[in-house]
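**Q** Right, I'll just put the structure down here and ask away after.
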Amino acid sequence: MMDSTALYDEPVHPVNSDQSRDYTRWIKPGKRTIRPVKYYHIDSGHMRRYNPDPEAFTIPGGDMSVPEFKSKANTMINPFPVDVYRIRNDIRVCFLDTKGLEFMRPLLLDMCQDDPINRPTMREVLVRFETLVKCLPWWKRRARVVSEERRLVEAFRFPIHWTRQTSAQSDVSPQSLGSYQSLNNI
Numbered sequence: 029m030m031d032s033t034a035l036y037d038e039p040v041h042p043v044n045s046d047q048s049r050d051y052t053r054w055i056k057p058g059k060r061t062i063r064p065v066k067y068y069h070i071d072s073g074h075m076r077r078y079n080p081d082p083e084a085f086t087i088p089g090g091d092m093s094v095p096e097f098k099s100k101a102n103t104m105i106n107p108f109p110v111d112v113y114r115i116r117n118d119i120r121v122c123f124l125d126t127k128g129l130e131f132m133r134p135l136l137l138d139m140c141q142d143d144p145i146n147r148p149t150m151r152e153v154l155v156r157f158e159t160l161v162k163c164l165p166w167w168k169r170r171a172r173v174v175s176e177e178r179r180l181v182e183a184f185r186f187p188i189h190w191t192r193q194t195s196a197q198s199d200v201s202p203q204s205l206g207s208y209q210s211l212n213n214i
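Counting from 29, one number per residue, gives the positions in the sequence shown under our numbering.
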């Protein structure tokens, strides 16, 4: 889920984000690469707030591929490594056949270790991600993420996209790419 409030100079209507809250004028959002937004990863209906070092009975939720869930039922586990594994799976599922995210492959591989002790913490994931992004040239940070099946369509949109991107701010900092927070780690 994305908190888009940073994209707008004033509050938007809750149903139509193209209009002001009082429906008196049209509003255009800023670019996410220039105005920082926050992303929240939630598993609706399965959210809980945990202490920093919990051992708990967790609810499996939608992703049953988590190695911890393959052990005996009613086993106490640390939910934070489970979050790391699930987020990695969500990224893999959503961006499986895309061009532009190859730089994340080593990080994603570490996030899906079978042994939860070998997985990075969410804080380590964030630090590594920010380090990876800092190493990318500006044009790579501004490039579209394109799926295999849309490559032909995107080829026609390519000139329009790069005309817009080169006319905007070209030096985008990792901080302006937004931040990610898992609700379980707040």
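Note that CB positions come from ideal geometry on N, CA and C, so glycine has one too.
Just mark Y113 as buried or exposed, buried being the case when its beta carbon has 16 or more other beta carbons within 10 Å.
**A** Label assigned to Y113: buried.
**Q** Is it true that the CB of I55 sits closer than 7 Å to the CB of V40?
**A** Going by C-beta atoms, V40 is nearer than 7 Å to I55.
**Q** Runs of 4 residues minimum, wholly inside the region 94 to 134: which ones carry the alpha helix (DSSP H) assignment?
**A** For the region 94 to 134, whole alpha helix (DSSP H) runs of length 4 or above, ordered along the chain, are 107 to 122.
**Q** DSSP three-state label for D31, please.
**A** Residue state, collapsed to three classes: strand.
**Q** Which residues in the same chain as E96 place their Cβ atom closer than 7 Å to its Cβ, once the five residues preceding and following it in sequence are excluded?
**A** Excluding positions up to five away in sequence, the list reads I105, V110 and P144.
**Q** When we look at the beta-carbon of I214 and count the other beta-carbons within 10 Å, is it buried (16 or more) or exposed?
**A** At I214 the pLDDT is 38, less than 50, meaning the model places this residue with poor confidence; the figure from the coordinates comes in the next sentence. When all chains shown are included, I214 counts as exposed.
**Q** For K168, name the three-state secondary structure that DSSP assigns.
**A** Reduced to three states, the DSSP call for K168 is helix.
**Q** What number of angstroms, rounded off, separates the C-alpha of Q141 from the C-alpha of R49?
**A** One C-alpha to the other measures close to 46 Å.
**Q** Identify whether Q209 lies in helix, strand or coil by the three-state DSSP scheme.
**A** Unreliable positioning characterises Q209 in this predicted model, as indicated by a pLDDT of 46, which lies under 50. The coordinate reading is nonetheless provided below. Q209: strand per DSSP, three-state reduction.
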